[in-house]
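Contents: one structure, followed by commentary.
In the numbering used here, the protein residues as written are 88 to 237.
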C-alpha cells in the first residue's frame, strides 16, 4: 500500500473509532469509565485532524467518508455494548485492531518522516488506550460503586 493509502486507511480507522466510542460511552454505566472513554474519543478526533493535515501536505484530499467497515464497527459496538463491562470489551477489540494497524504503518518504508512522526504519536496513544482498557477489565471497574453515567 502507498503512503497515501496508508494514511487514508488510518484516517478511516480513527473515524470509525470515534463512532465506536460514541456507542460505548452511551452504554457505559459508570461515569469515571465514561469520562476516560470520552478522553480517548478526543484523542481519535485529534488523530483525524493530524492525519488530514499530513495528507493535505502530500497534496491529497483527506477522505472523510465512512466506509462499510466503519458502519459495521459502529453497529457491532452498539449491539455488543450493554453496560460498562461489555462497552470495555468491545473497545478492547477495536483498540487492538487500531494498535496493530498503527504498528504496521510504522514498519513501512515509504512514509514521509513528518507523517511517521504523527503515526508514532498516535500509536503511543493507541497503546495507552489499550493498556487502560485492559487494566479496567482486569480490575473489574464496573463492579465498583461509582456515580452513574446516565
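Virtual Cβ for every residue (Gly too), placed ideally from N, Cα, C.
Query: Cβ pair residue 189, residue 206 closer than 8 Å; Result: yes
Query: Whole-angstrom distance between residue 124 and residue 203, CA atom to CA atom; Result: 26 Å
Query: The stretch 181-197 touching the stretch 112-122, judged by at least three CB pairs closer than 8 Å; Result: no
Query: Expected contact under 8 Å - CB spacing of residue 102 and residue 151 to nearest Å; Result: 7 Å
Query: With 16 other Cβ atoms within 10 Å as the buried cut-off, status of residue 90; Result: buried
Query: Given residue 107 as reference, the closest of 127, 227 and 210 once Cα atoms are compared; Result: 127
Query: Per-residue burial, residue 231 [other beta carbons within 10 Å of its own, 16 or more giving buried]; Result: exposed
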